[in-house]
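Input: a single structure, listed below in structure tokens.
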Amino acid sequence: MSGAVNGGSALAGAIRFRGLTLGYDRHPAVHHLDGTIAAGDLLAVVGPNGAGKSTLLKGIVGEIRPLDGTVEAGPRSGAIAYLPQAAEIDRSFPVSVLDLAAMGLWRPLGAWRSLARQRSRLIEALAAVGLTGFEDRPIGTLSGGQFQRALFARLILQDARIILLDEPFTGIDERTTADLLALIRGWHGEGRTVVAALHDLAQVRAHFPSTLVIARRPIAWGPTREVLTPPVLARALRLSEAWDEAAAICRHDAHHDAHYEVHPADGAAAAEPHEHGPSHGHDHGPAAHDHRGHEHRHDHHHDHARHGAMS
Amino acid sequence: MTLADLADLLVGPFVEFGFMRRALAGCLALSLSAPPLGVFLMLRRMSLMSEAMSHAILPGAAAGFLVAGLSLPAMTLGGLVAGLAVALAAGLVTRSTVLKEDASLAAFYLISLAGGVFLVSLRGSQVDLLHILFGTVLALDDDALTLLGGISSLTLVALALLYRPLVIECVDPLFLRTVSRAGGPVHSAFLALVVVNLVGGFQALGTLLAVGLMLLPAITARFWAADLSGLIPVAMLVSMLSSVAGLLVSYHAGIRLPTGPAIVLAAGALYLVSMLVGPRGGLIHRLVRRRHLEA
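Top to bottom, those sequences are chains P and C. Position one of the first sequence corresponds to residue 1 (the numbering used here), numbered consecutively onward. Position one of the second sequence corresponds to residue 1001 (the numbering used here), numbered consecutively onward.
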């Protein structure tokens, strides 16, 4: 188990999970996550579709409430800047690019203080993302890449200690991606904590020093080089498959086995003694039990970790 | 026709009759406050929601009518309570169940409307019902004018205070949630303003047409202006023009033309004209294709 866990002190900018379980409708999408994202880390969260990447980011920013456990982030949760995957942004609403970026100044300005004196700051942020001259364009006229650039300008202006990015490069061309990655490296250089959900592994290897692999529960967490190995990825893929409508109530104690490991192969996991006896302390019926019985082997966690996610 | 004749035609009725001046003042007050709300409703695709809300006001007004007869304070208070209750209940159901806002609102307003008609028919005659449905713009007394003026002032001040969070809430509600807790209260305050204006409008135009002055000018403005700083003044202007035109037409018309519907019909006529000739996406501008630019 590698470095990022048990970061200790409550440094501003760190994110700490304690037995965090997030999900929808009682079905966990992220199961029993423990550990700390150190302040200043540049962390990629990877995993198959439905692995809970988006859910995890939503949990950190407070958009969904934990089913169990806690997440502590930064001095205040408001110090987090969050770029969601499918932004709920109404792009037909008639506001200009400058207005959109200016939303990033909500924290210092609030509802009433004047924006007039901030204009140079806004122009500067737009210039940093390559949108000079777009100030007065309505957001509805921007291309996908330009719009993502405008959202990054807003992130710059938010000036947050913690920046969460959910699939920021989906549908974005190479040049824009390169520009935005340079911005992210800049934020890392300034000591900000950046957490990005990504699916392009080459990109992760090239730009992100640490990686968390999840498949509804943490699979591996540590330096990217050590974590992104074929066995880990295969395991992640296998573990994020089914949604079980009739899932049993999880009796897993969030704190007693807070470690998960990088298993070289499933065989090793299977060899571990399962803490639960034949009845494994769950109250699901024998039928459900039978057809999935073999799956109980893998490790400390049990099959509920496989339940549904939509990320 | 001489200029004097024209002046007589346009200004005469207002000079001559106090009730016309009162009607004009009331409609102009409403024209300052309702259209900006309509602009936001339209941009949020909530146009029909205000229609639903106007129906929701009916049972409250009817309850006031049952208790106190055709009394302005009783019916206004009843309408306010009913409108706010439906708005809040719909919001609560939206946040705590799977229903979307339009569905929960539809459920509540249908209950409310049926209840209102039921209440009115318990006591009133057909004439009373028409009174409630179509308003009494030519019989605005001092109390009604004060109410309209107060509502208008309150709305403009509140909109100025809420403007920035309201725009952010419209464009990117998720963002507002991550930086501030203002989203929920701002949305509720906005709905409350809509209710207050509909209650005011129902004094002048009746419940069924109160929505007219809120939405038609806003929708019309879409054909003339692109951004909020243009849409809001244009909507106000359209609303004022419709008010004046509606009052004059109903005054001069040979047949007995009720004033409330005349005002809404005037707004409707402006909408149809704008739809044809408006420079922003109007029909004719779409048909006549201009040469595209170089870049």
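Cβ coordinates follow ideal geometry from the N, Cα and C atoms, glycine included.
Chain C within 8 Å of residue i, Cβ atoms only
i	result
P:R235	no
P:D90	yes
P:V195	no
P:W187	no
P:I80	yes
P:F152	no
P:V95	yes
P:R107	yes
P:A111	yes
P:H284	Bear in mind that the predicted position of P:H284 carries a pLDDT of just 39, short of 50, making it unreliable; the figure below should be weighed with that in mind. Closer than 8 Å: no.
P:P168	no
P:I15	no
P:W28	The question names Trp, yet the displayed sequence has Pro at residue 28 of chain P. No, its Cβ sits nowhere closer than 8 Å to a Cβ of chain C.
P:A265	Caution applies to P:A265, whose pLDDT of 34 falls short of 50 and renders its modelled position unreliable; the value that the coordinates give is listed next. No, P:A265 lies away from the interface with chain C (no Cβ there is under 8 Å from its Cβ).
CB contact below 8 Å: residue i versus chain P
i	result
C:E1294	no
C:S1274	no
C:F1190	no
C:A1228	Correcting the residue identity first, residue 1228 of chain C is Leu in this sequence and not Ala. So yes, C:L1228 belongs to the interface.
C:F1223	no
C:V1167	yes
C:R1022	no
C:A1068	no
C:A1158	no
C:V1234	no
C:T1178	yes
C:R1280	no
C:R1290	no
C:D1142	no
C:F1017	no
CA-to-CA distance, residue j to residue i, given in whole angstroms
i	j	result
C:T1097	C:A1192	22 Å
C:R1181	C:G1278	39 Å
P:L115	C:G1083	35 Å
P:E124	P:R137	16 Å
C:L1010	C:L1248	7 Å
C:P1173	C:L1099	18 Å
C:R1177	P:V61	10 Å
P:P230	P:H207	19 Å
C:M1049	P:W187	43 Å
C:V1264	P:L142	37 Å
P:W112	P:A102	13 Å
C:Y1073	C:L1024	Sequence inspection shows Pro at residue 1073 of chain C; the Tyr mentioned does not correspond to that position. In a straight line, the C-alpha of C:P1073 is about 21 Å away from that of C:L1024.
C:A1029	P:T70	52 Å
P:L20	P:I89	29 Å
P:T224	P:L201	10 Å
C:L1272	C:G1026	25 Å
P:H259	P:E63	Caution applies to P:H259, whose pLDDT of 43 falls short of 50 and renders its modelled position unreliable; the value that the coordinates give is listed next. Cα to Cα, the separation comes out at about 26 Å.
P:H276	P:P94	Reliability of the predicted coordinates at P:H276 is poor, the pLDDT of 39 falling under 50, and the value obtained from them is presented with this limitation in mind. Roughly 58 Å separates the two Cα atoms.
P:L57	C:G1183	20 Å
P:R65	P:L22	7 Å
C:I1219	C:H1285	17 Å
P:A220	P:V227	6 Å
C:D1008	C:R1044	43 Å
C:L1283	C:A1269	15 Å
DSSP beta-bridge partners of residue i
i	result
P:D166	P:A197
P:H27	P:Y24
P:A81	P:I163
P:A44	P:A196, P:T211
P:I37	P:I15
P:A220	P:V213
P:E72	P:R16
P:S96	P:P138
Near the ligand FAD: residue i beta-carbon under 7 Å from a heavy atom
i	result
C:A1004	As for the ligand FAD, it is missing from this structure, which has no ligand bound.
Contacting positions in the region 205-235 of chain P - beta carbon closer than 9 Å to chain C: Cβ contacts with chain C come from no residue of the region 205-235 of chain P.
The region 1032-1057 of chain C: which residues have C-beta closer than 9 Å to a C-beta of chain P, in chain order? Listed by position along the chain: L1043, R1044, R1045.
Can at least three beta-carbon pairs, one atom from the region 1106-1118 of chain C and one from the region 1051-1060 of chain C, be found at a separation below 8 Å? At 8 Å Cβ cutoff, the stretches touch.
Against chain C: residues of the region 52-73 of chain P by CB proximity under 9 Å: Of all residues in the region 52-73 of chain P, only V61, G62, E63 place a beta-carbon less than 9 Å from a beta-carbon of chain C.
Which residues, taken in chain order from the region 32-51 of chain P, show a beta carbon closer than 9 Å to some beta carbon of chain C? Within the region 32-51 of chain P, no residue has a Cβ that lies closer than 9 Å to any Cβ of chain C.
Going along the chain, which residues of the region 1081-1107 of chain C sit with their C-beta nearer than 9 Å to a C-beta in chain A? Absent from the structure: chain A. Protein chains present are P and C.
Check whether the region 34-44 of chain P touches the region 190-201 of chain P, counting contact only when three or more Cβ pairs, one atom from each stretch, lie closer than 8 Å. Of all C-beta pairs linking the region 34-44 of chain P to the region 190-201 of chain P, three or more are shorter than 8 Å, placing the two stretches in contact.
Is the region 1030-1043 of chain C in contact with the region 1142-1157 of chain C, if contact means three or more CB pairs nearer than 8 Å? Flag = yes, the region 1030-1043 of chain C and the region 1142-1157 of chain C touch.
Could you tell me whether the region 1036-1047 of chain C touches the region 1223-1234 of chain C, where touching means 3 or more Cβ pairs closer than 8 Å? Result yes; three or more Cβ-Cβ pairs closer than 8 Å.
Cβ contact (3+ pairs, closer than 8 Å) linking the region 200-219 of chain P and the region 144-159 of chain P: With a cut-off of 8 Å on Cβ pairs, the region 200-219 of chain P is not in contact with the region 144-159 of chain P, counting fewer than three such pairs.
Is the region 1136-1147 of chain C touching the region 1161-1169 of chain C in the sense that three or more CB pairs, one from each, lie closer than 8 Å? Verdict: no, contact absent.
Given 8 Å as the limit, is there contact between the region 170-178 of chain P and the region 19-38 of chain P, that is, 3 or more CB pairs closer than that? Here the region 170-178 of chain P makes no contact with the region 19-38 of chain P; the two share fewer than three CB pairs at distances below 8 Å.
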